[in-house]
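Colleague:
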Ligand code: GRF
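In the UniProt record's numbering, the protein residues as written are 2 to 200.
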C-alpha cells in the first residue's frame with residue numbers, strides 16, 4: 002500500500018512510521034505545508050520523495066486543499082497520514098479521503114481536542130493523559146477512534162515531561178494503526194472503526 006505522510010514540523014511521528022518498515026507499506030511521499038519543516042530533511046535522507054505545498058501561497062483553504070489533494074493523488078496514495086500536520090482541512094478534502102485519512106492527537110479524545118493539550122491536562126488535574134489515532138472527519142479532532150494509549154500524569158510533571166511521555170506512546174501506536182491499515186485489518190464502516198483480528 003502506498004502511503005503519503007503530511008507534516009508541518011519536527012516529524013517524529015513520521016520518523017517512527019518510516020522506521021517501523023511495515024511490510025507491504027511504501028512511503029510514497031512526505032508533504033509539508035511549511036518549507037522549513039525539520040522533518041523534510043529526514044525524509045530526504047531516507048530517499049523519500051518530498052514536496053512543499055505552502056499554505057501561505059494559496060488564496061484560501063479550498064485552494065490550498067485542492068493543491069494538496071493533487072500532490073497526494075500524484076503519488077497514488079492508498080492512505081494519507083497526518084503526522085503533526087497543523088492545518089484544518091476542508092470538508093471536501095476530508096470527504097475525498099474518507100476511510101483512508103488518519104490523524105494522531107496528543108490527548109485521550111474526546112478530552113482536550115484542539116491545541117496545548119498537555120498544558121490543559123495539567124491545568125485540569127487529570128491523572129491519566131495520552132494519545133489517540135483516529136480517522137479524520139470534518140469535525141476537528143472528533144473522528145472515530147482507532148487506537149489510544151494512556152500514560153499517568155505524575156505529581157512533578159511539567160508540560161515538557163508530560164509531552165515526552167505521551168510522545169513515546171504516539172511513536173508506538175501510530176505505526177500500529179498504519180500496520181493494521183496496510184494489512185487490510187483496519188476499516189471505517191458506516192462511520193465505525195473495525196479492526197479485524199484484535200481481541
Ligand atoms: C504530536 O504530538 C502530534 O500528536 C501532534 O503534534 C505533534 C507532532 O510531533 N499532532 P511530530 O511532528 O510528529 O514530531
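All C-beta atoms in this analysis are idealised placements derived from N, C-alpha and C, irrespective of residue type, glycine included.
Are residue 168 and residue 123 close, meaning C-beta to C-beta below 8 Å?
Modeller: Here residue 168 refers to the residue found at position 167 when the chain shown is read from its first residue. Here residue 123 refers to the residue found at position 122 when the chain shown is read from its first residue. Going by C-beta atoms, residue 168 is not nearer than 8 Å to residue 123.
Colleague: In this structure, does DSSP put residue 187 in helix, strand or coil?
Modeller: As a working mapping, residue 187 is identified with position 186 in the chain shown. Residue state, collapsed to three classes: strand.
Colleague: Roughly how many whole angstroms lie between the Cα atoms of residue 5 and residue 33?
Modeller: Taking the first residue of the chain shown as 1, we reach residue 5 at position 4. Taking the first residue of the chain shown as 1, we reach residue 33 at position 32. Straight-line Cα distance between these residues: approximately 11 Å.
Colleague: Answer yes or no: do residue 19 and residue 28 have a C-beta to C-beta separation smaller than 8 Å?
Modeller: Residue mapping note: residue 19 aligns to position 18 of the chain shown, counting from 1. Residue mapping note: residue 28 aligns to position 27 of the chain shown, counting from 1. Result yes, Cβ atoms of residue 19 and residue 28 sit closer than 8 Å.
Colleague: Among the candidates 156, 175, 47, 157, whose CA atom is the shortest distance from the CA of residue 146?
Modeller: Working through the chain shown from its first residue, we reach residue 146 at position 145. For residue 146, the nearest C-alpha among the options comes from 175.
Colleague: At a cut-off of 7 Å, would you count residue 131 as near the ligand GRF, judging by its Cβ distance to the nearest heavy atom?
Modeller: Here residue 131 corresponds to residue number 130 of the chain shown, with the count starting at 1. Because no heavy atom of the ligand GRF lies under 7 Å away, the Cβ of residue 131 does not count as near it: no.
Colleague: Quick one: is residue 36 buried, meaning 16 or more other Cβ sit within 10 Å of its Cβ, or exposed?
Modeller: Position 35 of the chain shown, counted from the start, is the residue given in the question as residue 36. Exposed, by the Cβ-count rule.
Colleague: Measure how close the beta-carbons of residue 74 and residue 2 come, nearest whole angstrom, since I'm counting them as under 8 Å.
Modeller: In the chain shown, residue 74 corresponds to position 73, counting from 1. In the chain shown, residue 2 corresponds to position 1, counting from 1. That belief does not hold up - the Cβ atoms of residue 74 and residue 2 are roughly 15 Å apart, past 8 Å.
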